[in-house]
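Residues 378 to 489 in the numbering used here are what the sequence shown spells out, letter by letter.
What follows is a single structure, written as structure tokens, with notes after it.
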Amino acid sequence: RLRRLPPGPPAPLITRLLAGATHLAMYGLMLALPLIGWSLSNAFGKTVYLFGLPLPNLIEVDADLGDTLGTWHLNAAWALLALVLLHIGAALWHHLVLRDGLLRRVLPGKHA
């Protein structure tokens, strides 16, 4: 507690469930997007490199599958963007409308 404010009052159950689902979806998409992109590249015969080292191919060359993966990748990216914007909006709602101190508690720095 030397560096953080004490926790605020517990949020309603529905708020906690929605926040948890949003966080889970964001983390899931942050994991899925690179894997889909990697598979997408492999489907079109391209090697993926990480820090200059070639990664193994996840799938064989298949242009039809590549087209499908391209659609999935695009949709997942838009979904992640929407969730990030929702997350930012919720943080601002807590800070500007509810004025419950949530944003001050989660951001680093001094809290006088």
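Think of the CB as a built atom: it goes at the ideal place given N, C-alpha and C, for glycine as much as any other residue.
- With a cut-off of 8 Å on Cβ pairs, the stretch 402 to 412 is in contact with the stretch 447 to 459, counting three or more such pairs.
- CA-to-CA, the gap between residue 425 and residue 483 works out to about 36 Å.
- When the Cα atoms are used, residue 387 and residue 395 turn out to be separated by approximately 14 Å.
- Our two residues, residue 438 and residue 413, have alpha carbons roughly 14 Å apart in a direct line.
- Fewer than three beta-carbon pairs drawn from the stretch 415 to 431 and the stretch 468 to 476 are found closer than 8 Å, and the two stretches are therefore not classed as touching.
- Counted as a single uninterrupted DSSP element, the alpha helix (DSSP H) harbouring residue 468 occupies residues 440 to 469.
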